[in-house]
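Shown next, in structure tokens, is the structure this report addresses.
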Amino acid sequence: MLRDFFNGKELCMSINPDEAVAYGAAVQAAVLTGSTDDKIKDVLLVDVAPLSLGIETAGGVMTKIIERNSRIPCKTLRASPSPMTKAAYPRRILRECSMKPSSFGKDDAEMREKVAARNNLESYVYSVKQAADSAPEDKLSSSDKSKVNNPATL
1 MLRDFFNGKE LCMSINPDEA VAYGAAVQAA VLTGSTDDKI KDVLLVDVAP
51 LSLGIETAGG VMTKIIERNS RIPCKTLRAS PSPMTKAAYP RRILRECSMK
101 PSSFGKDDAE MREKVAARNN LESYVYSVKQ AADSAPEDKL SSSDKSKVNN
151 PATL
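Counting from 1, position 125 in the sequence shown corresponds to residue 125 in full-length UniProt numbering; the numbering is continuous, with no gaps.
So this is what it looks like as structure tokens:
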């Protein structure tokens, strides 16, 4: 499965996958303590941010400040508008917004129903997959299990 993920490249089997994390932690500890062992003298470890870091901006949108895989420490400068900036809205837009607040409740209720329906569907699909995985062979054949676990095709 990993070979398929990496476009057919041959995987390095010199390190047991179970020991890879422990090996990396040992190398990191040696570098941090300043060890001068010959085995790690040419090792260059680069600390990176594993995920993008950002802040929430207007409208609940995340604005990335530090991209993922950026070296640590890093410095990011971003010019942002003053928090005291006020937008001037035309009177027509203000009038329209003040005239339709009753429709917002309907929109919110519809969105809540859609989200609840989707959550119910996802939990049902998950429970069906769990039941199929834990079912004994005499109750559910392997072909039926594969039908449940594989995505539907048209």
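Using N, Cα and C, we set each Cβ at its ideal position, and we do this for glycine too.
Counting only the same chain and skipping the five closest in sequence on each side, list residues whose C-beta sits under 7 Å from that of K129. As a first step, residue 129 must be located in the sequence shown, where it is residue number 129. Excluding positions up to five away in sequence, the list reads V148 and N149.
Taking I72 and V48 to be in contact with their CB atoms under 8 Å, please state how far apart those CB atoms are, rounded to whole angstroms. Sequence index remark: in the sequence shown, residue 72 carries index 72 (1-based). Sequence index remark: in the sequence shown, residue 48 carries index 48 (1-based). Between I72 and V48, the beta carbon gap of about 6 Å places them in contact (Cβ cut-off 8 Å).
Cα separation between G54 and A135? For this step, residue 54 is matched to residue 54 along the sequence shown. For this step, residue 135 is matched to residue 135 along the sequence shown. Approximately 44 Å, taken between the alpha carbons.
I93 - DSSP class collapsed to helix/strand/coil: By 1-based counting over the sequence shown, the position of residue 93 is 93. The answer is helix: DSSP assigns I93 an H, G or I state.
Please report the residue range of the alpha helix (DSSP H) in which K41 lies. Stepping through the sequence shown from its first residue, residue 41 is reached at position 41. In the DSSP annotation of this structure, K41 is not part of any alpha helix (DSSP H), being labelled neither H nor E.
C-beta neighbour in chain C for G105, strict 7 Å: Any reference to chain C falls outside this structure, which holds one protein chain only.
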